[in-house]
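Using the UniProt record's numbering, the letters of the sequence shown correspond one by one to residues 1 to 358. From the three backbone atoms N, C-alpha and C, an ideal C-beta is built for every residue, glycine too.
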Amino acid sequence: MTKHMIKIPGKLYIAGEYAVVYPGHSAILTAVNRYIKVTIKDNDVNSINIPLDQYAVNWPLNKPFVAPRPAWRFVAEALNTTQTYLQEQNVPLTPVSLNVNSQLASVQGAKFGLGSSAAVTVAVVTALLTQFKQAPSKTLIFKLAAIAHYKIQGNGSCGDIAACTYGGWLSYTSFDQPWLLEQLQTASVSELVAKEWPLLHVLPLKAPTPYFCVGWTGSPAGTKGLVSLIQTYLAHSPQALKHFLTTSDACVDKFAQGIIENNTTLLKEALLTNRRLLKALGKKADVPIETPLLTTLCDLSFQVGGFGKTSGSGGGDCGIAFVPTAEMCKKLYKRWLAAGIKPLDFKEGRVSIEVIED
């Protein structure tokens with residue numbers, strides 16, 4: 001029997017955090033080589049198994065899948081949104097078996113902030129489209145995954161979904177979110193994915209030349225809570241919001257230019273300006289974007305000849321750094337370890353679809 005294995009990478013934010021949640025504003029992200037793996041094949045009944053959760057369940061053909069527990073919400077909506085799309089396309093559905101495995105946490109279950117909900121949503125969408133021979137484009141996968149995400153959460157930039165969909169490095173500009181919420185009330189799934197999404201732009205990039213290092217501070221960030229606090233502050237400070245968005249977008253543009261031109265000076269200027277911008281925002285809003293341990297991570301990066309900043313919403317989780325050589329990266333990892341920071345040996349992540357014959 002033929003089955004497909006879908007590997008979808010996790011993600012890390014590099015620059016543009018907090019700004020990208022506003023429509024038309026941008027961020028730099030990279031996919032990393034820790035994966036959600038979904039295996040899909042024909043079966044007698046619809047079934048899904050998530051070994052990490054020690055749980056498996058069946059559901060009726062051509063019927064919505066109801067999440068048996070909250071942790072399955074994104075899996076369920078990814079299944080239902082994609083199934084609806086296939087039905088609208090007059091694709092005959094047959095029973096399938098899905099098996100979902102994750103590398104986005106440590107063996108002990110600690111999360112690294114790699115976007116597990118985005119990755120599993122993209123993985124399930126990709127698996128179903130592949131199984132039913134739809135030869136899915138990246139744009140279609142992204143839009144279906146974003147629709148599923150919005151049906152669950154109702155907000156967000158979907159930058160993590162873009163990184164998980166495209167793989168590699170990219171510059172991402174968020175779509176008009178109020179427009180999508182309005183469209184969800186009136187348009188079919190097929191109609192919605194066929195439309196141009198206002199402001200949305202994805203620019204794949206090559207990896208930067210300097211060595212990319214990642215460290216984990218061991219304290220998972222509550223992304224939604226931190227973003228909400230920052231947005232509340234900025235909503236009451238229009239001038240601060242305008243300055244923040246303008247400066248952040250300039251950092252993102254400069255970083256992308258640095259990659260395109262292979263110019264480390266531009267990369268450094270962009271990242272350090274973005275770091276200062278986020279630190280100042282956190283201080284004004286009384287939100288701990290850069291924790292003391294993340295500050296240590298950045299300071300140690302500077303001491304070995306590199307430059308670093310927080311990744312994502314901050315408040316814990318990961319920090320990133322760029323250094324000139326592999327030897328400097330090893331030296332930095334030793335210093336991070338001595339300071340209580342766990343080095344994560346991440347490389348660039350890529351999407352893969354394999355055909356396996358049992």
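>> Residues in the same chain with beta-carbon distance under 7 Å from Val252, minus the five sequence neighbours each way, listed in chain order, please.
In response: Excluding sequence neighbours, Val252 sits near Ala15, Gly16, Ser26, Ala27, Ile28, Ser171.
> Is Lys7 helix, strand or coil by DSSP?
Replying inline: Three-state result, Lys7: strand.
>> Here's a check: name, in chain order, each residue in its chain whose Cβ is nearer than 6 Å to the Cβ of Thr126, leaving out the five neighbours to either side.
In response: Correct list, in chain order: Ile6, Ile141.
> Cα separation between Ile119 and Leu266?
Replying inline: Note that residue 119 corresponds to Ala in the displayed sequence, not to Ile. Whole-angstrom Cα-Cα distance: 30 Å.
> Cα-Cα, which of Phe307, Lys284, Ala285 is closest to Leu294?
Replying inline: Closest in alpha carbon position to Leu294, among Phe307, Lys284, Ala285, is Phe307.
>> My output table needs one value for Leu93: the three-state DSSP class, helix, strand or coil.
In response: Coil at Leu93, not helix or strand.
>> Going by the DSSP bridge assignment, what does Phe307 pair with across the sheet?
In response: Beta-bridge analysis with DSSP links Phe307 to Phe322.
> Counting Cβ pairs closer than 8 Å, one from the region 204-216 and one from the region 162-170, do we hit at least three?
Replying inline: Yes, the region 204-216 is in contact with the region 162-170.
>> Measuring CB atoms only, is the region 257-265 touching the region 298-306, in the sense that at least three cross pairs come out at less than 8 Å?
In response: Too few Cβ pairs lie closer than 8 Å, so no.
> Between Pro208 and Thr94, what straight-line distance do the alpha-carbon atoms span, to the nearest angstrom?
Replying inline: Distance between the alpha carbons of Pro208 and Thr94 is about 44 Å.
> Over what stretch of residues does the beta strand (DSSP E) that includes Phe212 continue unbroken?
Replying inline: Phe212 -> beta strand (DSSP E) spans 211-216.
>> Here's a check: name, in chain order, each residue in its chain whose Cβ is nearer than 7 Å to the Cβ of Ser352, leaving out the five neighbours to either side.
In response: Counting only Cβ-Cβ distances below 7 Å, and skipping sequence neighbours, we find Lys7.
> Around the C-beta of Glu290, are 16 or more other C-beta atoms found within 10 angstroms, so that it is buried, or is it exposed?
Replying inline: Buried.
> With 16 other CB atoms within 10 Å as the buried threshold, where does Lys150 fall?
Replying inline: The identity of residue 150 in the sequence shown is Tyr, whereas the question assumes Lys. With 16 or more neighbouring CB atoms inside 10 Å of its own CB, Tyr150 falls in the buried class.
> Hey, Cys318 and Val214: beta-carbon distance below 8 Å or not?
Replying inline: Using a Cβ distance threshold of 8 Å, Cys318 and Val214 count as a contacting pair.
> With Phe255 and Leu271 assumed to form a contact (beta carbons below 8 Å), what rounded beta-carbon distance in angstroms separates them?
Replying inline: About 7 Å separates the Cβ atoms of Phe255 and Leu271, confirming a contact at the 8 Å cut-off.
>> Assuming the contact rule is C-beta atoms closer than 8 Å, Pro9 and Gly349 should be a hit. Round their C-beta distance to whole Å, please.
In response: Between Gly349 and Pro9 the Cβ distance is about 3 Å, and since that is below 8 Å, they are a contact.
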